[in-house]
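Asker: Quick one: the structure is below, questions incoming.
Residue numbers (our numbering): 27 to 155.
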């Protein structure tokens with residue numbers, strides 16, 4: 027067999043076997059590459075999912091802070107409004123007392139002037155000795 031040249035079938039068989047080995051090697055390399063890519067994809071997906079969860083939690087925390095700030099702000103505004111109303115009532119009460127005091131003083135002064143005037147009239151008319 028070593029002396030005779032290979033037959034056409036033997037050459038074709040060797041050629042097909044050689045191609046099959048090359049194809050098998052390429053398929054094995056592609057399978058390994060696909061396995062590596064799949065693992066990288068899974069790792070990347072897990073990292074993205076974790077990042078997304080972290081961002082979602084940060085967003086929820088920020089939203090809670092905004093809601094808390096709005097509540098605190100509205101409570102502060104409500105407190106300031108109540109305080110302003112109380113201050114206005116206090117000022118009004120003080121002003122009312124002052125006005126009442128001035129009115130009482132004016133009335134007393136007017137009564138004294140009136141009494142002095144009547145007394146002067148009675149004296150000038152001779153009703154009083």
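Where is the CB? At the ideal position from N, CA and C, for every residue including glycine.
Which first and last residues belong to the alpha helix (DSSP H) in which residue 148 is found?
Answerer: As a first step, residue 148 is located in the chain shown; it is residue number 122 there, counting from the start. Residues 34-151.
Asker: Determine the direct distance from the alpha carbon of residue 86 to that of residue 122, and round the result to whole angstroms.
Answerer: Here residue 122 is taken as the residue at index 96 of the chain shown, counted from 1. Here residue 86 is taken as the residue at index 60 of the chain shown, counted from 1. Taking the straight line joining both Cα atoms gives about 53 Å.
Asker: State the Cα-Cα distance for the pair residue 35 and residue 42, rounded to the nearest angstrom.
Answerer: The sequence position of residue 35 within the chain shown is 9, counting from 1. The sequence position of residue 42 within the chain shown is 16, counting from 1. Using only the alpha carbons, I get a separation of about 10 Å.
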